[in-house]
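Working notes, beginning with the structure itself.
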Amino acid sequence: MSVAPDHKGAENLRADIKSKISKLKKELEKEKSQKKGGKSKFSIKKTGDAQVVLLGFTNSGKSSLLSILSNAKTKISEWPYTTTIPEIGTIDIGGAKIQIVELPSLKEDMRENTEILSLTRTADLIIELVTSNQEIEKVNQILKMKNITTPKLIIGNKEEYIVVTKAEFMISCLNHTNIDRLKREMVKKLKLIMVKTKEPGKLAAERPIVLRNGARIKEFARQIHKDFIKKFSHALIWGPSARFQGQRVGMDHTLMDGDIIEIYLKK
């Protein structure tokens, strides 16, 4: 409002800005009253290695996708707005435990989206599930208006019927097309790496340790046990980050996906 022109020809512009400010104030008041009223039904505790939310308009296929990806038993219906509270599932991708949260469908009325979008601010990734280019524009506009900058993955659904040209790629919840690709892209967008521990003279552990891209030996050791930092001597590395297999490294060595690590402690 402070930078809008104040001449007569800008009256409509200033009126529009005033209207938007009024709506935003009402949304802020609503958010404050919800916080005072106790824990919101949209407050979900993060579990696992990362949290991903499914976002989109009604009948985009969010419930079907959650059911395919995870162990969640969701209500799937052709009727709009079947999901009224967040539905939660868990998926294991190469040893990474990822929490998937299906949010209720977005509404045309921005005021009704306030609570729905609250979880997108703290999630690690938003999957926009859409069935048209127009839906992509609408979702992105809503996120921009709410100043939500969480990384996102834009996926077109119903590949058997339509093509959404502005989506990163298409899937089909009906035929399960490109579901494996979606899993790989989720890990890439989340910037997760999986590394494994190894004891001298033994094979690497089956279950990996999940870290963020750019993690060092220090973060790896801390995740295993906090005392490993104090007693750390050195580590041996096999895998992509090693200049040669079995390389001896210190705590500042940067790890890569697929590394195998032996940690040695001071005696």
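For the sequence shown, this note's numbering gives the first residue as 110, with consecutive numbering after it. Glycine included, each C-beta is placed from N, C-alpha and C at the ideal position.
(Q) Going by C-alpha to C-alpha distance, which of S350, E308 and K311 sits closest to I326? (A) Numbered from its first residue, the sequence shown carries residue 326 at position 217. Of the listed residues, the one whose Cα sits closest to I326 is S350.
(Q) If you follow the beta strand (DSSP E) that Q243 is in, where does it begin and where does it stop? (A) Your numbering for residue 243 matches position 134 in the sequence shown. Following the DSSP letters along the chain, one finds Q243 in no beta strand (DSSP E) but inside the alpha helix (DSSP H) bounded by residues N242 to M254.
Q | C-alpha distance - I263 paired with K311, whole-angstrom precision | A | Numbered from its first residue, the sequence shown carries residue 263 at position 154. Numbered from its first residue, the sequence shown carries residue 311 at position 202. Straight across, the Cα-Cα distance linking I263 with K311 is about 43 Å.
Q: Leaving out five residues on either side along the sequence, give the residues of the same chain with a beta carbon under 6 Å from the beta carbon of K267.
A: In the sequence shown, residue 267 corresponds to position 158, counting from 1. Excluding sequence neighbours, K267 sits near T240.
**Q.** For E237, the residue or residues it bridges with in DSSP
**A.** By one-based count along the sequence shown, residue 237 stands at place 128. E237 is bridged to L164 and I263.
**Q.** Burial state of K196 (16 or more Cβ within 10 Å)
**A.** For this step, residue 196 is matched to residue 87 along the sequence shown. Per the sequence shown, residue 196 should be read as Glu rather than Lys. It counts as buried.
Q | Straight-line Cα distance separating C282 from T223 | A | As a first step, residue 223 is located in the sequence shown; it is residue number 114 there, counting from the start. As a first step, residue 282 is located in the sequence shown; it is residue number 173 there, counting from the start. Each residue's Cα considered, the two are about 28 Å apart.
Q: Between the Cα of P213 and those of G204, T274 and I194, spot the shortest distance and give me the residue it belongs to.
A: Along the sequence shown, read from residue 1 onward, the residue named residue 213 stands at position 104. Minimum Cα distance to P213 is reached at I194.
Q. So what does DSSP say about L228, is it helix, strand or coil?
A. Numbered from 1 along the sequence shown, position 119 holds the residue referred to as residue 228. If DSSP states are grouped into helix, strand and coil, L228 belongs with the helices.
Q. According to DSSP, which residues form a beta bridge with Q356?
A. Reading the sequence shown from its first residue, position 247 is the one you call residue 356. Answer is I346, bridged to Q356.
Q) In this structure, does DSSP put L215 in helix, strand or coil? A) Here residue 215 refers to the residue found at position 106 when the sequence shown is read from its first residue. L215: coil per DSSP, three-state reduction.
Q: Pick helix, strand or coil for V272, following the three-state DSSP scheme.
A: Reading the sequence shown from its first residue, position 163 is the one you call residue 272. Under the three-state reduction of DSSP, V272 is assigned to coil, being neither helix nor strand.
(Q) Extract the residue ranges of the beta strand (DSSP E) inside the segment 275-318, only unbroken runs of 3 or more that lie entirely within it. (A) Scanning the segment 275-318 from its first residue to its last, the whole beta strand (DSSP E) runs of 3-plus residues come out as 301-306.
Q | Candidates S128, M360, Q208 and L178: closest to R331 by CA position | A | Along the sequence shown, one-based indexing puts residue 331 at 222. Selected option, being the one with the closest Cα: M360.
(Q) Any heavy atom of the ligand NAD inside 7 Å of the beta-carbon of I369? (A) This structure simply doesn't include the ligand NAD, nor any ligand for that matter.
Q: Could you tell me the boundaries of the alpha helix (DSSP H) in which L364 lies?
A: For this step, residue 364 is matched to residue 255 along the sequence shown. Per DSSP, L364 belongs to no alpha helix (DSSP H) and is neither H nor E.
Q. Thinking C-beta only, is M303 closer than 8 Å to A205?
A. In the sequence shown, counting from the first residue as 1, residue 205 sits at position 96. In the sequence shown, counting from the first residue as 1, residue 303 sits at position 194. The answer is yes: Cβ separation under 8 Å.
Q. How many whole angstroms separate the CB atoms of A232 and V162, which I take to be in contact at a CB cut-off of 8 Å?
A. Position 123 of the sequence shown, counted from the start, is the residue given in the question as residue 232. Position 53 of the sequence shown, counted from the start, is the residue given in the question as residue 162. A Cβ-Cβ separation of about 5 Å places A232 in contact with V162 under the 8 Å criterion.
Q) Given L137, which residues of its chain have a CB within under 6 Å of its CB, disregarding the five upstream and five downstream residues? A) Taking the sequence shown and counting its residues from 1, the one referred to as residue 137 is at position 28. Closer than 6 Å at Cβ, skipping near neighbours: no residue.
Q | Start and end residues, alpha helix (DSSP H) containing D158 | A | On the sequence shown, residue 158 is found 49 positions in, with the first residue counted as 1. For D158, no alpha helix (DSSP H) segment is defined, and its DSSP state is neither H nor E.
Q: Pull up the CB-CB distance for L228 and V210, whole angstroms please, since I reckon it's below 8 Å.
A: In the sequence shown, the residue the question calls residue 228 occupies position 119. In the sequence shown, the residue the question calls residue 210 occupies position 101. About 6 Å separates the two Cβ atoms, so the contact holds.
Q | Enclosing beta strand (DSSP E) for I200 [first to last residue] | A | By one-based count along the sequence shown, residue 200 stands at place 91. Note, I200: beta strand (DSSP E), E196 to I202.
Q | For K206: DSSP bridge partner residues | A | Within the sequence shown, numbered from 1, the residue matching residue 206 stands at position 97. According to DSSP, residue pairing for K206 in a beta bridge involves D201.
Q: Would you kindly report the start and end of the unbroken alpha helix (DSSP H) that includes S176?
A: Locating residue 176 in the sequence shown gives position 67, counting from the first residue. Residues K171 to L178.
Q. Does the beta-carbon distance from I370 to F341 come in below 8 Å?
A. By one-based count along the sequence shown, residue 370 stands at place 261. By one-based count along the sequence shown, residue 341 stands at place 232. No. Outside cutoff.
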